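Contents: one structure, followed by commentary.
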Amino acid sequence: MPAEITSLPPNSDADPQDIDHARLYYPRKACFYRCRFDLNGSPCNMWIIGERVRVARHLRHYHHIQSSSAGRAFCGWDNCTHRKPMKRENLPRHVVMHLGVKWRCHHCMEMFSRDDAVQRHIERVRPQGEADPAIEVIPGREGRTLGYLQAGQRTA
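So for the sequence shown, this note's numbering puts the first residue at 13; every next one is plus one.
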């Protein structure tokens with residue numbers, strides 16, 4: 013289970029848009045991870061959200077990697093063993109795997125290491141005409157939860 017932190021320090025190494033995103037989409041708690049992608053010879057260490065879209069934004073803004081552009085790129089994550097270049101569009105998904113985030117289907121309780129894999133699974137197992145089963149996001153072990161209620165944030 014991720015450790016609890018009640019707030020990020022003032023002027024923390026977290027993108028303000030990620031903090032706003034977390035407050036909007038995770039009103040009670042959000043999970044942040046330290047970015048271990050190389051930045052001038054050492055890990056970046058900014059706090060990032062473990063979602064593919066947020067990782068892509070971080071890579072674009074802070075590492076100047078355009079995941080939407082054609083071409084191949086190497087993973088610059090600290091101690092990554094993937095030595096072959098990958099499609100740039102796959103790099104954010106690969107980074108989320110480094111974070112250890114998992115997804116669980118509540119229909120059968122099967123765990124998945126990728127969000128797109130659990131979505132494909134649900135398409136196969138959902139009985140026709142029934143609503144999608146809930147998907148639980150399981151934070152990676154290095155994730156740190158930011159609990160806004162514990163941090164003194166007012167709620168509506």
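Built from N, CA and C at the ideal position, the CB exists for glycine as well.
Please read all numbers here as calculations on a predicted model, not as lab measurements.
Between the alpha carbons of residue 157 and residue 123 lies a distance of about 21 angstroms. Assigned with DSSP and collapsed to three states, residue 128 falls in helix. In this structure residue 107 is not in contact with residue 44, their Cβ atoms being roughly 14 angstroms apart against a cut-off of 8 angstroms.
With fewer than 16 neighbouring CB atoms inside 10 Å of its own CB, residue 95 falls in the exposed class. A contact is defined here as three or more CB-CB pairs under 8 angstroms, and the stretch 48 to 62 meets this definition with respect to the stretch 23 to 39. In this structure, 143 is the residue among 100, 40, 143 with its C-alpha nearest to the C-alpha of residue 117. Taking a contact as a CB-CB distance under 8 angstroms, the pair residue 103 and residue 51 does not count as one, their CB atoms being some 15 angstroms apart.
In the structure shown, residue 77 adopts coil according to DSSP, grouped into three states.
By the neighbour-count criterion, in which a residue is buried when 16 or more other Cβ atoms sit within 10 angstroms of its Cβ, residue 68 is buried. Cβ contact annotation for residue 154 (same chain, cutoff 8 angstroms, sequence separation greater than five): 14, 45, 46, 111, 112, in chain order. Exclusion of the five residues before and after residue 31 leaves no residue of its chain whose Cβ lies closer than 6 angstroms to its Cβ.
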